[in-house]
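For what it's worth, the numbering used here labels the leading residue of the sequence shown as 1081, then goes sequentially.
Here a beta-carbon is modelled for each residue, glycine too, at the ideal position from N, C-alpha and C.
Small disclaimer: the values here were computed from a predicted structure and weren't measured.
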Amino acid sequence: KFFSKLFTPELSLGITDDLNLSFSQTFGLRWMDFNPVWTLGGDVPEYISSHHRNEDSMSDFSNARGGLAGDINFKAKYLLSYTAGGVGPRSFFSTGFTIPSNSYLTSDPYFQKTIDVDYGNSDGEVTSDETERFNEEYDEKAHKHFAISEGVYRFIVEPSYFYKRRFNPVFLGLSISYSIPISEKKHGSSTYKASKIVDVHLTSLFVSSQIDFIRKLVPASIDFSLGLSISHQGSTSWNGYRSPIPETTVLFPSFGLVVGSNKFGALNVIFRTSYFLDGIFAATSEFGDKDFKQGTSELDVILNYRLPVDYYIKFLD
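Below is the structure:
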């Protein structure tokens, strides 16, 4: 089982009526509980797997640097169009960059170069026969597959469009985020090349007071949202060798409760799950470890608290 708890505080500054700057940093902990089911009889081996163990992103390992601090993000958001009077379309354009933390993987967790050079013919590709020889003969296969940061600088572009209505759904939104790695990550003799990431988000907001059976159950200050996101991430590579993890496309449906207050701001509680359309956890995937049955059952709980502060910075006023 894999768990992740992340905390991302964000500070936003309104520079002008049309321009907003934001700064955020992720802090968190990822960990894995490895509880294999032993079916061969007898005592369970002390080292049942060289790949898996109870571990977390806080601790250093032979191929990982541990820590709590994740990536830092800077973003500028510009208002392109706005409909006066409330009802109507709004469009924005955001751009920014990501500064990675020092908590990342330092070498290839798949040993692709070692397999090709020491157990193959050094042709730049890894075959199943070479991998099998590596698994039988190589002793030090212990490694980590995760860290709190990818360790890569990124450039981000994000256009978005929203439409406000008088009736439910009172808000409809579409945003597209395109994250491009700026450079490769180098650590010692290892070089990691990250992939581009494309995220598409569909959002909607419903006012509970406009729905008869709901307004009898909840206070007028509680509204709810429905969302659907699609995330696509290409394949990565270490030292010129393509990762055995394929390109991945994941669908994220979500449901949220929004509690608003003029005095105390707004709290958004979002429940989200995931469905792998392709990639290592997809039902039709050809990838996977022969020795383990793999699958995923995910539930994310996201807490988002927003508090506007009526404070003016003198040199911006």
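**Prompt:** From the DSSP output, which residues share a beta bridge with D1303?
**Reply:** Sequence index remark: in the sequence shown, residue 1303 carries index 223 (1-based). According to DSSP, D1303 bridges with V1338.
**Request:** Figure out for me which residue from L1252, S1229, T1178 and F1293 has the closest Cα to the Cα of R1170.
**Result:** As a working note, residue 1170 is residue 90 in the sequence shown. It is L1252.
**Message:** Below 8 Å on the Cβ atoms is my contact criterion, and I expect I1236 with G1307 to pass it. Report the Cβ-Cβ distance as a whole number of Å.
**Reply:** Against the sequence shown, residue 1236 aligns to sequence position 156. Against the sequence shown, residue 1307 aligns to sequence position 227. So it is not a contact: roughly 20 Å between Cβ atoms.
**Request:** Measuring alpha carbon to alpha carbon, tell me which of L1109, R1246, F1107 and E1090 ends up nearest L1101.
**Result:** Translated into positions along the sequence shown, residue 1101 becomes position 21. With distances taken between Cα atoms, L1101 lies closest to E1090.
**Message:** Just to confirm my understanding: we take F1372, look at its own chain, exclude 5 residues before and 5 after, and list those with CB closer than 6 Å. What are they?
**Reply:** The count along the sequence shown starts at 1 and reaches residue 1372 at position 292. The pLDDT assigned to F1372 is 47, lower than 50, so where the model puts this residue is not dependable, and the model offers no usable value.
**Item:** Euclidean distance between Cα positions of I1382 and F1107
**Value:** On the sequence shown, position 302 is the one that residue 1382 refers to. On the sequence shown, position 27 is the one that residue 1107 refers to. Taking the straight line from one Cα to the other gives about 14 Å.
**Asked** Of all the options F1332, G1147, N1319 and F1114, which has the alpha carbon lying nearest to the alpha carbon of A1274?
**Response** Taking the sequence shown and counting its residues from 1, the one referred to as residue 1274 is at position 194. Per the Cα distances, N1319.
**Asked** From what residue to what residue does the beta strand (DSSP E) around Y1258 run?
**Response** Residue numbering aside, residue 1258 sits at position 178 when the sequence shown is read from its first letter. Counting along the chain, the beta strand (DSSP E) containing Y1258 begins and ends at F1251 to P1261.
**Prompt:** Given G1200, which residues of its chain have a CB within under 6 Å of its CB, disregarding the five upstream and five downstream residues?
**Reply:** To locate residue 1200, count along the sequence shown from 1; it is residue 120. If we look at G1200 and ignore the five residues flanking it on each side, its Cβ neighbours are E1210.
**Prompt:** From which residue to which residue does the beta strand (DSSP E) around N1384 run?
**Reply:** In the sequence shown, counting from the first residue as 1, residue 1384 sits at position 304. Note, N1384: beta strand (DSSP E), L1379 to R1386.
**Message:** If distances are taken between C-alpha atoms only, which option among F1191, L1148 and N1182 comes closest to P1324?
**Reply:** As a position in the sequence shown, residue 1324 is number 244, starting the count at 1. The candidate whose alpha carbon is nearest that of P1324 is F1191.
**Prompt:** If we count the other Cβ atoms within 10 Å of its Cβ and call it buried at 16 or more, is L1160 buried or exposed?
**Reply:** Position 80 of the sequence shown, counted from the first residue, corresponds to residue 1160. So L1160 ends up on the exposed side.
**Message:** Considering only DSSP beta bridges, list what Y1406 is partnered with.
**Reply:** Because the chain spans 1081 through 1397 in this model, residue 1406 falls outside it and cannot be assessed.
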